[in-house]
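Read left to right, the sequence shown gives residues 1 to 353 (full-length UniProt numbering).
Note that CB positions come from ideal geometry on N, CA and C, so glycine has one too.
Everything numeric in this text was worked out from a predicted model, so none of it was measured.
I have placed the structure first, in the form of structure tokens, so that the comments after it can refer back to it.
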Amino acid sequence: MGDEWKEQFSREELESMGEDIPENHPDFTGPGNPTSEPEPNPEPEPEPEPTPEPKPAGESSGEPEPEPEPELKEGEPVPYDRFAKIYGQRKQAEREKFEIKEKLDLFKKDPDEYYAKYPDEKPDGYSPLESGKKPTEKAEVLPMSKMLGAQINDPQNPSFHGRTLREIMESGPEGYAAAQDYYNEYVEDIRGKAREAEAKKAEELKSIQEEDGRFMDAQAQALFKKPAKDLDAVQKDKIEKITSDTLAWMKANNRMGYKLADAYKIMTYDKALSDAAASGADGLVNLAKSGTRRSVSSGSGKTSKDPYDQYLAMSEDDLSKMIAEMPDAEFVKFLKEATPAFREKYPSLPYLN
């Protein structure tokens, strides 16, 4: 007989009869074990331990704190470790001080070079200075602390005249205010003189530029019969070459105070004399050859009183010898009084007007 009959009884009844509970029984709870118990409930998870609160700043954290360095008594040797630490700190401070001074000196000398070397320090929107242009030098104004020993020159105020700023300041509130007024007058006087000097320099520069412009216009008219502003690139190069040569001659002969036009006249005069002395004026006359060559005139045979007409009628060799034998004063007069016809035939001579 099988276990089907057991399905008619409950688990408690089967257990009271000592029978096993079959697996197909509705109350079966274990693998044929009549005493099998239900699985125990899982234990609850332990609660997280509370985070310890931070201790107040005054309480010790448990870690050993560094011991303070003992104070040395007079006459005791300094321990090497402490000496090395202090010495290293001092040398580091000296290096930083030197680097700061070096950077400051470079900035004063050339801000563009400074920002090229330290690009991270360049402010936004900074534009380099124009080529050759340096920042305007500021007037050196001493701080009031260095002017306390200066004597007051104010005969109209005998109570302060001849006394130092320090003495006036120590005399009371009125003296302190007066000392401040005297110092402010000193500052304004220094800055006013600096502004006057800058204005004078600007005026001188403007005058030089205008004079140079007139010189270049005169050269353009003499060589090309038109103002300098109308010259093409090649013609401008020729005029600029004359200007640069004249400036170089002025610098070499210590005559930078001359006007360009005056310096050019002297330069060409000196060059003509040196060329004439060196080569008997042959090179000078050969460079001056231009225009029509001398020809026999078919005129009426009248003799002209103009000496330059006679010079035009001379052979090139005779003219060269005549120029070579001229005294300096006569040569200057010869260049100044040359007629238009003579200048047209010899345009390269250094005429002086």
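- In the structure shown, Gln-8 falls within a helical segment according to DSSP collapsed to helix, strand and coil.
- According to DSSP, Gln-180 shares a beta bridge with no other residue.
- Cβ neighbours of Met-322 within its own chain (closer than 8 angstroms, five residues either side excluded): Tyr-311 and Met-314.
- Between the alpha carbons of Glu-330 and Ala-252 lies a distance of about 27 angstroms.
- The way I'd put it, the segment 145-157 does touch the segment 166-185; three or more beta-carbon pairs between them come closer than 8 angstroms.
- The Cβ-Cβ distance between Met-216 and Tyr-183 does not fall below 8 angstroms.
- Gln-151 is bridged by DSSP to Thr-164.
- With a 10 Å radius around the Cβ and a threshold of 16 neighbouring Cβ atoms, Gln-221 comes out exposed.
- Membership of Pro-123 in any alpha helix (DSSP H) is not indicated, and neither H nor E is assigned to it by DSSP.
- Contact between the segment 327-345 and the segment 196-206 is absent: fewer than three C-beta pairs spanning the two stretches fall below 8 angstroms.
- Leu-335 and Tyr-351 do touch by the CB rule: their CB atoms are close to 5 angstroms apart, below 8 angstroms.
- In this structure, the straight-line span from the alpha carbon of Val-187 to that of Thr-246 is close to 43 angstroms.
- Ile-21 counts as buried, since no fewer than 16 other beta carbons sit within 10 angstroms of its beta carbon.
- Note on geometry: alpha-carbon atoms of Glu-325 and Leu-223 lie some 29 angstroms from one another.
- Around Phe-160, the same chain offers Ile-152, Asp-154, Ile-168 and Ala-178 as residues with beta carbons nearer than 7 angstroms, after the five sequence neighbours per side are excluded.
- In this model, Phe-107 and Arg-343 are separated by some 57 angstroms (Cα to Cα).
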